[in-house]
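Student: Following my numbering, the numbering of the sequence shown begins with 67 at its first residue and continues without gaps.
Below is a structure I'd like to ask you about.
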Amino acid sequence: MSAEPRINDRIRVPEVRLVGPSGEQVGIVPLAKALELAQEYDLDLVEVAATARPPVCKLMDYGKFKYESAMKAREARKNQAHTVIKEMKLRPKIDPHDYDTKKGHVVRFLKQGDKVKITIMFRGREQSRPELGFRLLQRLASDVEDLGFIESNPKQDGRNMIMVLGPHKKKTEAMAEAREAQAARKAERQGTTPDDESEGDTAEAPAEAEAPAETPSEA
């Protein structure tokens, strides 16, 4: 079955409820009359509500309508925010430096509006000490509580213990903030460059005869 609506002579009903090109209600008319009006306006007769009795049809430029609909759908997909589940793996006896590094990644993911799946991996005798993993997960959740919350409580899964953190910010909010920050940085660069250049020109003009030594620029 085609998802596209029936148009023009593919419409097979005796009468239709007709809507004009500007959205005005024409009323119930015979199909032949509706097709005649479509030819007069040099438009298509498009069935927009097939299940209505009688079906609702509208006079429009169907090719233009399809193009605009495709562009709107493309723009909607472009702006759609997909929540991604990141994963971070830790050992029960992780050293402080590695913990800080892993926590930094979790913070970054949550700031981006992504969920984070935290996996504690047990090996050997560690499997008999699940409380080590539980305490570590609770510690991590507490350290990032201003950015995320426990969406799925810690649970044992074979040799692993898993917890899922959800971000307080929605993905769309995080994306919007990132765009605003980028725009602000760009505006700041554009705003300071002309001033810096003009100040440099003013300072160099009277000192032309003295030829002061150049200061090496930083790499």
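Just so you know, even glycine gets a beta-carbon here, dropped at the ideal spot from N, CA and C.
Note that the coordinates shown come from a computational prediction; the quantities given were computed from them, not determined experimentally.
#1: Grab me the residues of Gln91's own chain with a C-beta within less than 7 Å of its C-beta, minus the 5 sequence neighbours each way, in chain order.
#2: Would you report the Cα separation of Glu134 and Val95, rounded to the nearest angstrom?
#3: Could you compute how far the alpha carbon of Gly257 sits from the alpha carbon of Ala244?
#4: Per DSSP, what are the beta-bridge partners of Glu286 in this structure?
#5: With three or more beta-carbon pairs closer than 8 Å as the criterion, would you say the region 149-168 touches the region 115-125?
#6: Nearest-angstrom Cα distance between Ala139 and Lys132?
#7: Please report the straight-line C-alpha distance between Ile160 and Gly199, rounded to a whole angstrom.
#8: Please report the distance separating the alpha-carbon of Lys236 from that of Arg195.
#9: If you draw a straight line from the C-alpha of Arg136 to the C-alpha of Ala69, how long is it?
#10: Taking 7 Å as the limit between beta carbons, can you name the residues of its chain near Thr281, skipping five residues before and five after?
#11: Near Glu239, which residues of its chain fall below 7 Å by C-beta distance, leaving aside the five closest residues on each side in sequence?
#12: Go to Phe215, then tell me how far its beta strand (DSSP E) extends in each direction, as first and last residue.
#13: Measuring alpha carbon to alpha carbon, tell me which of Gly224, Ala207, Pro220 and Leu109 ends up nearest His234.
Tutor: In short, the structure shows the following:
#1: The answer, listed in chain order, is Val85.
#2: Within the model, the alpha-carbon separation for Glu134 versus Val95 is close to 28 Å.
#3: Approximately 20 Å, taken between the alpha carbons.
#4: The question about residue 286 has no answer here: the residues shown for the chain are numbered 67 through 285.
#5: The region 149-168 makes no contact with the region 115-125: fewer than 3 CB pairs, one atom from each, lie closer than 8 Å.
#6: Approximately 11 Å, taken between the alpha carbons.
#7: When rounded, the distance between both Cα atoms is 10 Å.
#8: Taking the straight line joining both Cα atoms gives about 36 Å.
#9: The sequence as given places Ala at residue 136; Arg does not occur at that position. When rounded, the distance between both Cα atoms is 14 Å.
#10: Bear in mind that a pLDDT of 41 at Thr281, under 50, signals an unreliable position, so the model cannot answer this.
#11: Listed in chain order, the non-local C-beta contacts of Glu239 below 7 Å within the same chain comprise Gly179, local neighbours out to five positions each way being set aside.
#12: Taken as a continuous stretch (DSSP letters only), the beta strand (DSSP E) holding Phe215 covers Gly214 to Asp223.
#13: Considering only alpha carbons, the answer is Ala207.
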